[in-house]
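Engineer: If you read the sequence shown in numbering that gives the first Met the number 0, its first letter stands for residue 0, the second for the next number, and so on. C-beta: ideal position from N, C-alpha, C; glycine also. Fair warning: this is a prediction, and the values are worked out from it, not measured in the lab.
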Amino acid sequence: MNTIVRFFSKPLFTNRKFVISLWFAVVCLGLVLMLSRHVPNNYIIFKHVFYHTIDQITLYGAYPEYANFNYYGPVFSLIIAPFALLPDQLGVVLFGLFTSLCLFLAIYKLLIPWKWRAVIYYITLNDLFVTTLACQTNTLIAALVIGSFILIRKEKDMGAACLIALGLFIKLYGVVGLAFFFFSRHKIKFTGYFLMWSVVFFVLPMIISSPQFIIQTYVDWFAALASKNELNAQSLSQDYSVMGMIRRITGNREMSNLVVLIPAVCIFAIQYLRIDFFKNLRFQLGMLALTLLTIVIFSSGSESPTYIIAMTGVGIWFVIQSRPFSGYNIFLLGFALVVTSFSRSDLLPKVVRTFIQTYALIVLPCLLIWLALIYHQLKGYRTDQPVSSE
Numbered sequence: 000m001n002t003i004v005r006f007f008s009k010p011l012f013t014n015r016k017f018v019i020s021l022w023f024a025v026v027c028l029g030l031v032l033m034l035s036r037h038v039p040n041n042y043i044i045f046k047h048v049f050y051h052t053i054d055q056i057t058l059y060g061a062y063p064e065y066a067n068f069n070y071y072g073p074v075f076s077l078i079i080a081p082f083a084l085l086p087d088q089l090g091v092v093l094f095g096l097f098t099s100l101c102l103f104l105a106i107y108k109l110l111i112p113w114k115w116r117a118v119i120y121y122i123t124l125n126d127l128f129v130t131t132l133a134c135q136t137n138t139l140i141a142a143l144v145i146g147s148f149i150l151i152r153k154e155k156d157m158g159a160a161c162l163i164a165l166g167l168f169i170k171l172y173g174v175v176g177l178a179f180f181f182f183s184r185h186k187i188k189f190t191g192y193f194l195m196w197s198v199v200f201f202v203l204p205m206i207i208s209s210p211q212f213i214i215q216t217y218v219d220w221f222a223a224l225a226s227k228n229e230l231n232a233q234s235l236s237q238d239y240s241v242m243g244m245i246r247r248i249t250g251n252r253e254m255s256n257l258v259v260l261i262p263a264v265c266i267f268a269i270q271y272l273r274i275d276f277f278k279n280l281r282f283q284l285g286m287l288a289l290t291l292l293t294i295v296i297f298s299s300g301s302e303s304p305t306y307i308i309a310m311t312g313v314g315i316w317f318v319i320q321s322r323p324f325s326g327y328n329i330f331l332l333g334f335a336l337v338v339t340s341f342s343r344s345d346l347l348p349k350v351v352r353t354f355i356q357t358y359a360l361i362v363l364p365c366l367l368i369w370l371a372l373i374y375h376q377l378k379g380y381r382t383d384q385p386v387s388s389e
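Written out as structure tokens, the structure reads:
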């Protein structure tokens, strides 16, 4: 292990130009391989959110243009609009570059030394490739959550509230940014901004549609999400969650999500008792890592490309650990890379990948890290080992 650490300690691997080039080289490789097959079905769904909103046709119906359903809110029609107006191949490439750039910048702005931000980039590289190849929005969702955290720390409550509300109205996930509410020094002002932005994003799609259609679309959206939650438990390509792992191992497909979600929410909430650590950056980053992990491992809608969000959380968890890294932390990171990340690529034998995916075991390392993080959040962090910016 020391040999590996020494190898990756070489200046090349922390060189900014090298890391940036490698990140976008992986994105471009994923885009090229994606287009070598066809324009992905996900992108066809995305662009039709825009066109169906304009035409005032339900966003959540079954359409011959694509072989799946849309589960994005109507405000997404405005996000995808600039890309939907372009030819498909150009639009999908620019959209992939845009979402990956958002996550890159979010990680880049984290208040930790550059060499540790570089480590986070390396940890997420394989998942970046997976989500790019699938043309997903997970990099954007992760960026919104991280961005809201950064802006709250900088006391830019209006911007933080904007990102949280935007994430909420795109795919609900973004609402987890409210987990950082207690880090705000202007809670009343923050609450006002959040309510303001919620109204703005609720109304905004009406610019290209009509009030009646958009209001009905929100009703349809919640109905579609409720229906999707029931279908996820029966899907082998989704429900890569703690609940899904339990369902697959036990064979009990009827198990309610609440059996796991209620204890998970209670355990997550316990860390708020450590009020004395609310101003500790390491504690705050731990909360960010926990949040990124939570929205994936406890969501029945989680699928393979979603794990770019969780692995970003894994990266943040790892770099805030006390140095030198313990053998246990190194083991957990290696376990996550092999079982969670590499099991969704050709880096592992097919029989191993099939076994891991059949029982949704990709969630197991993330669950162990989640539990370890909870322990450290409750235990507290030494103030003589701060995570400082450069």
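Give me the Cα-Cα distance between P112 and P210, rounded to the nearest whole angstrom.
Structural biologist: 47 Å
Engineer: Count the other CB atoms, across all protein chains shown, that sit within 10 Å of the CB of Y192; report buried if there are 16 or more and exposed otherwise.
Structural biologist: buried
Engineer: Going by DSSP in three states, M254 sits in which element: helix, strand or coil?
Structural biologist: coil
Engineer: Helix, strand or coil for D383, going by three-state DSSP, please let me know.
Structural biologist: Unreliable positioning characterises D383 in this predicted model, as indicated by a pLDDT of 48, which lies under 50. The coordinate reading is nonetheless provided below. Three-state DSSP puts D383 in coil, outside helix and strand.
Engineer: To the nearest whole angstrom, what separates the beta carbons of I361 and V338, a pair I think is in contact under 8 Å?
Structural biologist: 6 Å
Engineer: When the Cα of V74 is compared with those of T130, I140, L30, K170, which residue comes out closest?
Structural biologist: K170
Engineer: If you run the structure through DSSP and keep just helix, strand and coil, what is Q215?
Structural biologist: helix
Engineer: In whole angstroms, what separates the C-alpha of V18 from that of I329?
Structural biologist: 22 Å
Engineer: Ordered along the chain, which non-local residues of its own chain (more than five positions away) have a Cβ less than 7 Å from that of A164?
Structural biologist: The answer, listed in chain order, is F193, W196, S197, F200.
Engineer: Taking the continuous alpha helix (DSSP H) assigned at M286, which residues delimit it?
Structural biologist: 280-296
Engineer: Please classify Y172 as buried or exposed, where buried requires at least 16 neighbouring CB atoms within 10 angstroms.
Structural biologist: buried
Engineer: Got a sec, what are the start and stop residues for the alpha helix (DSSP H) K46 sits in?
Structural biologist: 40-54 is the span of the alpha helix (DSSP H), which, as asked, contains K46.
Engineer: Quick check on N137: does DSSP put it in helix, strand or coil?
Structural biologist: helix
Engineer: Quick check on the DSSP output: what are the complete alpha helix (DSSP H) runs of length 4 or more inside the region 64-119, in order along the chain?
Structural biologist: 75-83, 87-107
Engineer: For M0 and L331, what's the separation of their Cα atoms in angstroms?
Structural biologist: Here the model assigns M0 a pLDDT of 48, short of 50, so the residue's position is not dependable and the matter cannot be decided.
Engineer: Measure the alpha-carbon distance for W22 versus T357 and round it to whole angstroms.
Structural biologist: 30 Å
Engineer: What's the gap between the Cα of G90 and the Cα of P262?
Structural biologist: 43 Å
Engineer: Can you find the residues in the same chain that come closer than 6 Å, C-beta to C-beta, to L124, ignoring five residues on each side of it along the sequence?
Structural biologist: Same-chain partners within the cutoff: V25.
Engineer: Does DSSP put F248 in a helix, a strand or coil?
Structural biologist: This sequence places Ile at residue 248; Phe is not what is there. Residue state, collapsed to three classes: helix.
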